[in-house]
Each structure stands twice: as structure tokens, then as C-alpha cells.
Ligand SMILES: *[C@@H]1O[C@H](CO)[C@@H](O)[C@H](O)[C@H]1NC(C)=O
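In mature numbering (1 follows the signal peptide of the UniProt record, and there is no 0), the protein residues as written are -28 to -1, 1 to 309.
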């Protein structure tokens, strides 16, 4: 009897240990289901390559968003094999990311680039929302430094969005003489984006005097990398981040420096390519509706993220458009379905 009892206890303990190990590996290594293979249509030319840059963050749920975004791009491309992804992430995560991305998208053409937080950490000021202060959020500023010098153009995409249209249509827009292309909003009141200190300091407040500045969201940008490098825009953005450190001229994260450098000098892109704000505002993350007009890209900018609201079983209506692209493998042990 005692023998049976001790065997039972030993078995139980072993089971418990196994459960703990499983739970631990699940929490530290997010796993994803394998995406189907997406193949080119007959009319695709191998020369028409679309280059896409994104960040990958292995230590936060944003990775789940990035994976969904990649799937959405492939699924709606008529030439999915012509897409090449350029991922920026911290070097420490590269081995795990390489295996995760390869396992999820076995046919994906992708490159990983080391983004070192130390280059931007001294320049980051705290903003209204902590998630905006992550160094990777500033990686887009360094794209022209990190990507190959031969690459003339790239589309930058945030991790909290999905495409529902062929990305080639965005890739082929005319930038005219501009460095950047993005949907812009010319009725936005710029007074609100900067502090009274900014407007009351003559040398700063005069920044927009000779242009007609329009708001644009930096989550979707078509970038001419050659022109950007030639004009040293990375250093110009850093310059404004240093001014922010000294004078506190805005409250948001990486957006205001982009407005300061580029607003009024951006190639207009149809609004359908960035239906932003679906995450609500920066403080509460309430449900938001689409803007009027057609939709090619849905962007959950703001505090609310679809994966968080879906997991909390409190999704907004539009979050249900994100979930078909979610490849995240939910841990069976803690699932209640
Ligand atoms: C912008 O907002 C400020 C402050 O609320 C206001 O004084 C100004 O009139 C507004 N400008 C326009 C063009 O609406």
C-alpha cells in the first residue's frame, strides 16, 4: 500500500514538473502555426520585387502582430514570391527569430538586421505611453543606415496592422521629388502636437512657417532610401530628439520628429493605405470605427491591440478582421476552449 502511494506521489511530482517545464517553454518561446505556401500568379515577373521593412520584437506580444502582418501581405499579393522582408531586431533575438520565422513561413524571402538599442536609448524621452518609448519603435529612423546601400526603396510597416489589398499597388506609387510617401491629413491642427514651449520659442516655433504641414502616421511609409541617405535625414531626426531632451517640445514618441522633419514635404498616398487609430487613443484604447472610404490596410495604432482584446474576450468589432491572420499557437494547457 505504502509502495503504491509513494509511486503515485512520484508520478504526480514528475507530471507536475513536466507541466511546469511545458508552461515555461510556452511563455518564453511563442510558437506559431505554419502558414500555407503562397505562389506567384502566371503574370509575375521576377524583376518586380517589393521590399518591406518591419521590426520584430521577440520579448513582447508585438511579434504576434508582425507575424499576422506578414501573412496578410502574402495572402493578398498577386506575386507573393516577389516580396522580400527586411526585419530589424535586437541581435540577441536573432537565432530564435530566424528559426521562428523560418518555421512559420518556410518559403519567405527575408533578412534579419541587427538593431542595437544603445544607438537610440540616449535620445529617447519618455512619452504619454510607455510602449511608445521602446527603442525598436525608433528603428524606422535607422532603416537607411541598416538596409543594403543598393536598395532604392522600401515600404515600412508597423506590427499592429494587416493588409487586405495587394502591396504592389502601394509599392508602385509615385513619390515625385519626395523622400517619403504616406497618407496625410491636412486639416489636423498642429498646435496640439507640440507643447506651448515649442510654439513660444521663436527659433523652434518658426519650423513650419514656410510649409503647409499635414499630419501623417509613421506606421506606413514608402521611403526613397537613396534620397534619405543623401540628405542625411536620420541625423535631422536625431537633432529634434536632442532638442526634445532639452526643452520637452512634444508628448508623443517617434511621430513628432517625423512631423518636424517631413510634414508638408510628403508624397500623398490614398487614405485607404492607412486606416489608422483602430486601437483607440493613447490612454484608454477604446473601440474605433473605420474612416469613410475604401480600405486596403487596417492599422490598430493607439493603445488597444486586437490580440490583447481578443485574448481578454472583449474584442471590438473590427478586431474580428484581424483574427483570421493570427498564427499564434495558444497553449493547450491553459486554453479553455
Ligand atoms: C488650433 O488649436 C488652437 C488651440 O486649441 C486654436 O487656438 C486654433 O485656433 C486652432 N487652429 C485652427 C486653424 O483651427
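Here a beta-carbon is modelled for each residue, glycine too, at the ideal position from N, C-alpha and C.
Rounded straight-line distance, which links the Cα of residue j to that of residue i
{"i": "residue 200", "j": "residue 139", "result": "22 Å"}
{"i": "residue 102", "j": "residue 224", "result": "10 Å"}
{"i": "residue 68", "j": "residue 76", "result": "12 Å"}
{"i": "residue 295", "j": "residue 74", "result": "21 Å"}
{"i": "residue 15", "j": "residue 153", "result": "27 Å"}
{"i": "residue 391", "j": "residue 187", "result": "No information on residue 391 is available, as it lies outside the stretch -28 to 309 that the chain covers here."}
{"i": "residue 87", "j": "residue 298", "result": "26 Å"}
{"i": "residue 130", "j": "residue 42", "result": "11 Å"}
{"i": "residue 167", "j": "residue 161", "result": "13 Å"}
{"i": "residue 191", "j": "residue -23", "result": "59 Å"}
{"i": "residue 293", "j": "residue 218", "result": "42 Å"}
{"i": "residue 81", "j": "residue 172", "result": "50 Å"}
{"i": "residue 27", "j": "residue 99", "result": "20 Å"}
{"i": "residue -2", "j": "residue 202", "result": "Bear in mind that a pLDDT of 48 at residue -2, under 50, signals an unreliable position, so the number given afterwards is only what the model happens to contain. For residue -2 and residue 202, the distance between alpha carbons rounds to 44 Å."}
{"i": "residue 178", "j": "residue 144", "result": "35 Å"}
Assumed close pair residue i, residue j - CB separation to whole angstroms, cut-off 8 Å
{"i": "residue 155", "j": "residue 29", "result": "With a Cβ gap of about 25 Å, residue 155 and residue 29 do not count as contacting."}
{"i": "residue 59", "j": "residue 83", "result": "7 Å"}
{"i": "residue 39", "j": "residue 128", "result": "Incorrect: roughly 17 Å between the Cβ atoms, too far for contact."}
{"i": "residue 229", "j": "residue 209", "result": "5 Å"}
{"i": "residue 55", "j": "residue 46", "result": "7 Å"}
{"i": "residue 236", "j": "residue 252", "result": "At roughly 28 Å, the Cβ-Cβ gap does not stay under 8 Å, so residue 236 and residue 252 are not in contact."}
{"i": "residue 117", "j": "residue 277", "result": "Not confirmed; about 28 Å, so no contact."}
7 Å Cβ shell around residue i - same chain, five flanking residues per side excluded
{"i": "residue 216", "result": "97, 222"}
{"i": "residue 198", "result": "124"}
{"i": "residue 122", "result": "none"}
Chain-order list of residues whose beta-carbon lies under 8 Å from that of residue i (same chain, five-residue window excluded)
{"i": "residue 262", "result": "247, 250, 270, 290"}
{"i": "residue -4", "result": "For residue -4, the predicted model reports a pLDDT of 45, less than 50, meaning its position is unreliable; a value from the coordinates is still stated below. Within the same chain, residue -4 has no close Cβ partners at all."}
From the options, residue whose alpha carbon lies closest to that of residue i
{"i": "residue 244", "options": "227, 234, 135, 182", "result": "135"}
{"i": "residue 260", "options": "272, 3, 92", "result": "272"}
{"i": "residue 378", "options": "171, 214, 172", "result": "Outside the shown range of the chain, which is -28 to 309, sits residue 378, and nothing can be said about it."}
{"i": "residue 150", "options": "238, 231, 107", "result": "238"}
{"i": "residue 20", "options": "126, 277, 240", "result": "126"}
{"i": "residue 181", "options": "232, 109, 142", "result": "232"}
{"i": "residue 240", "options": "174, 105, 26, 147", "result": "147"}
{"i": "residue 184", "options": "5, 158, 53", "result": "158"}
{"i": "residue 226", "options": "170, 145, 112, 256", "result": "112"}
{"i": "residue 108", "options": "35, 264, 144", "result": "35"}
{"i": "residue 52", "options": "256, 255, 287, 7", "result": "7"}
{"i": "residue 169", "options": "119, 141, 120, 220", "result": "220"}
{"i": "residue 37", "options": "66, 12, 49, 2", "result": "2"}
{"i": "residue 104", "options": "302, 255, 48", "result": "255"}
Same chain, Cβ closer than 6 Å to residue i, five either side skipped, listed in chain order
{"i": "residue 9", "result": "79"}
{"i": "residue 234", "result": "152"}
{"i": "residue 44", "result": "134, 135, 297"}
{"i": "residue 115", "result": "25"}
Residue-level contact to chain D via CB, residue i, 8 Å cutoff
{"i": "residue 63", "result": "Reference to chain D is not applicable here, since this structure consists of a single protein chain."}
Could you tell me which whole beta strand (DSSP E) segments of length 3 or greater appear in the segment 240 to 308? Here the runs fully enclosed are 269 to 271.
Quick one: complete beta strand (DSSP E) runs, 3+ long, within the segment 184 to 247? Segments of the beta strand (DSSP E) lying fully in the segment 184 to 247: 192 to 196.
Taking only runs that begin and end inside the segment 104 to 159, name each unbroken beta strand (DSSP E) of 3 or more residues, in chain order. Considered as a whole, the segment 104 to 159 harbours 125 to 129, 133 to 135, 152 to 154 as its complete beta strand (DSSP E) runs of no fewer than 3 residues, in chain order.
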